[in-house]
Amino acid sequence: MPPEKPHWAHLFREVVTSGLCTGCAACVVACPYDVLSYDDSHGRYKPFHLDESGGSEDCTYGERGCTLCTRACPRFREWEPEVDAFLFGRERADEEVFGVSDEVVLARATDPDVSAAGQDGGLVSALLIYALENDVIDAALVSYLEGDGTSWKAVPGVARTREDVLGAAGSRYTYSANTLAYSAAVEQGAERIALVGMGCQASAPPIMAARKAGKVARRFALSIGLLCSKTFDDAIFDELFAERYGLRREDMVKMNIKGVFQVWMRDGSYHEVPLKEAHAWTREGCKLCPDFAAEHADISAGGIGAFGDFTLAIVRTDRGKELMSQMVGAGVIEARSSTDDPAAVELLRKLSRVSRRRWPEGASKGPRRLAVVSG
Ligand SMILES: Cc1cc2nc3c(=O)[nH]c(=O)nc-3n(C[C@H](O)[C@H](O)[C@H](O)COP(=O)(O)OP(=O)(O)OC[C@H]3O[C@@H](n4cnc5c(N)ncnc54)[C@H](O)[C@@H]3O)c2cc1C
Ligand code: SF4
Ligand code: SF4
Numbered sequence: 032m033p034p035e036k037p038h039w040a041h042l043f044r045e046v047v048t049s050g051l052c053t054g055c056a057a058c059v060v061a062c063p064y065d066v067l068s069y070d071d072s073h074g075r076y077k078p079f080h081l082d083e084s085g086g087s088e089d090c091t092y093g094e095r096g097c098t099l100c101t102r103a104c105p106r107f108r109e110w111e112p113e114v115d116a117f118l119f120g121r122e123r124a125d126e127e128v129f130g131v132s133d134e135v136v137l138a139r140a141t142d143p144d145v146s147a148a149g150q151d152g153g154l155v156s157a158l159l160i161y162a163l164e165n166d167v168i169d170a171a172l173v174s175y176l177e178g179d180g181t182s183w184k185a186v187p188g189v190a191r192t193r194e195d196v197l198g199a200a201g202s203r204y205t206y207s208a209n210t211l212a213y214s215a216a217v218e219q220g221a222e223r224i225a226l227v228g229m230g231c232q233a234s235a236p237p238i239m240a241a242r243k244a245g246k247v248a249r250r251f252a253l254s255i256g257l258l259c260s261k262t263f264d265d266a267i268f269d270e271l272f273a274e275r276y277g278l279r280r281e282d283m284v285k286m287n288i289k290g291v292f293q294v295w296m297r298d299g300s301y302h303e304v305p306l307k308e309a310h311a312w313t314r315e316g317c318k319l320c321p322d323f324a325a326e327h328a329d330i331s332a333g334g335i336g337a338f339g340d341f342t343l344a345i346v347r348t349d350r351g352k353e354l355m356s357q358m359v360g361a362g363v364i365e366a367r368s369s370t371d372d373p374a375a376v377e378l379l380r381k382l383s384r385v386s387r388r389r390w391p392e393g394a395s396k397g398p399r400r401l402a403v404v405s406g
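Everything in the sequence shown is counted per my numbering, starting at 32 for the first residue and increasing by one.
Laid out in structure tokens, this is it:
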């Protein structure tokens, strides 16, 4: 029997239509024949195959041997142990429920403009600015708000300057497939690209590299992950915030999630919406996601913990470690040990475990096994 060459028909059946697809768009940017596109309308956030070359369920290029989309997909088959082995050279130990890491620290930008723009300590923005200004990367794939921001529609985009980075700072809790901005970055001449995104996206660069997905894989020079237990459908703005709480999206200035949905309005008022009420608007692609802690990023960043003006950072790879240490040396971030906030690390473990239990039993074994053995 010739070796199997899994392609779009396999991805469509095993990931896109099985509930495992997160909408990360890695398959779309990896396709060398441009026969995959992306639907972000009506809360779908899914790839689809263009009709002319095989229809929705098959691919004529795949039939002829192209396997790029399955090699780029961070949910296809044994993605988790494959990336663990590629990034860390070993299998994950049972207790490493939030992924392999070198250390967990609390960090914030020392530049007050950066920390003020950031969602938590502005660490992610500080990392991008430092990497852009010190010849580590040429561009970063981030998330902006569409138009003047009043629609709160999160859209992927490219950041090449400090101003771009600050314009994209802060968190939006609807989905933004930042990976999709890859082509625009390349068109602008970028060869070394950073990807900012939740775990579903952060696993894309290393799975592409592990499965040798070509040029696209080689251009990803840095992956910054955001801790995440879910994103919400865009409909949440009208159907929950506006209809039940009278909070119109065009009057909102900032949002955060700290046990509740926190909402700050243009008139200076502050409101809380219980998370329980928001669950009905959980985005489809998040329902089976096992990765709270962006387990395959170089550095993962989150807002849990007692120090609201710090970002909790999980430093995972040598690349991440080197960058953090250079930035502390240059005085652009200050860092403190996570031993200052043991409850934050405990919560990180707990939330990681909760997400891992969502991975379905019939799918690949990695995520499910850890959910069970880690207690
Ligand atoms: C959808 C979502 C859910 C999250 N859930 C949690 C959680 O449950 N627990 C937790 O501890 N932390 C969570 N975070 C992470 C947290 O909100 C902060 O992003 C993180 O602490 C970094 O803060 P910062 O000040 O260092 O980042 P900043 O300097 O503010 O930079 C944030 C970066 O994230 C990008 N970004 C913003 N929104 C999105 C989006 N929707 N999709 C992709 N990229 C985006 C921005 O473009 C920017 O580059 C979540 C973030 C997001 C986007
Ligand atoms: S998880 Fe990502 S790469 Fe895999 S099929 Fe879905 S959008 Fe494509
Ligand atoms: S829960 Fe977060 S990391 Fe998982 S699929 Fe949803 S957006 Fe991606």
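Cβ coordinates follow ideal geometry from the N, Cα and C atoms, glycine included.
Being a predicted model, the structure only gives us computed values, none of them experimental.
Checklist line | First and last residue of the uninterrupted alpha helix (DSSP H) at R7 | finding: Residue 7 falls outside the range modelled here, since the chain spans only 32 to 406, and no answer is possible.
Notebook entry, point to check: Rounded to a whole number of angstroms, what is the C-alpha to C-alpha distance between L343 and G351?
Noted result: 14 Å
Notebook entry, point to check: Can you give the Cα-Cα distance for V66 and V173, rounded to whole angstroms?
Noted result: 24 Å
Next item on the list: For the beta strand (DSSP E) holding A252, just list the boundary residues, first then last.
Entry: F251 to L257
Note to self: Restricting to Cα atoms, I'd like to know which of A233, L257 and L253 is closest to Q150.
What the structure shows: L257
Next item on the list: Would you mind stating whether T313 and K261 have Cβ atoms separated by less than 8 Å?
Entry: yes
Note to self: Measuring only the C-alpha atoms, how far is G120 from V284?
What the structure shows: 44 Å
Checklist line | Residue nearest to E194 in terms of C-alpha spacing, selected from I160, A248 and R108 | finding: I160
Note to self: If you measure from each CB to the nearest heavy atom of ligand 3 and keep those under 5 Å, what residues do you get, in chain order?
What the structure shows: T53, M229, G230, C231, C259, K261, T262, C317 and C320
Notebook entry, point to check: Do Q293 and ligand 1 come close, with the Cβ less than 7 Å from some heavy atom?
Noted result: no
Notebook entry, point to check: Can at least three beta-carbon pairs, one atom from the stretch 121 to 137 and one from the stretch 49 to 65, be found at a separation below 8 Å?
Noted result: no
Check: Terminal residues of the continuous beta strand (DSSP E) containing E218?
Finding: E218 -> not in any beta strand (DSSP E); alpha helix (DSSP H) instead, spanning Y213 to E218.
Item checked: Secondary structure of S369, DSSP reduced to three states -> helix
Checklist line | Alpha carbon of C104 to alpha carbon of E303, nearest angstrom | finding: 37 Å
Next item on the list: Kindly indicate which three-state DSSP category N287 falls into: helix, strand or coil?
Entry: strand
Notebook entry, point to check: How many whole angstroms separate the CB atoms of L378 and I335, which I take to be in contact at a CB cut-off of 8 Å?
Noted result: 5 Å
Next item on the list: Could you round the C-beta distance between T141 and G362 to whole angstroms and report it? I think they count as a contact, below 8 Å.
Entry: 6 Å
Check: Quick one, are the C-beta atoms of A225 and A252 less than 8 Å apart?
Finding: yes
Margin query: Mapping the DSSP letters down to three states, classify Y64 as helix, strand or coil.
Written below: coil
Item checked: Alpha carbon of C320 to alpha carbon of T370, nearest angstrom -> 29 Å
Check: Between which two residues does the alpha helix (DSSP H) carrying V155 extend?
Finding: L154 to E164
Notebook entry, point to check: Excluding the five sequence neighbours on either side, which residues of its own chain have a C-beta within less than 8 Å of the C-beta of S368, listed in chain order?
Noted result: V136 and L137
Margin query: Are the CB atoms of G152 and D340 within a distance shorter than 8 Å?
Written below: yes
Notebook entry, point to check: Is any heavy atom in ligand 1 found nearer than 7 Å to the beta carbon of A244?
Noted result: no
Note to self: Rounded to whole angstroms, what is the Cα-Cα separation between L99 and F107?
What the structure shows: 12 Å
Check: How long is the line joining the alpha carbons of V131 and S214, rounded to whole angstroms?
Finding: 30 Å
Next item on the list: Just tell me which of L271, P187 and W110 has its CA closest to the CA of A170.
Entry: P187
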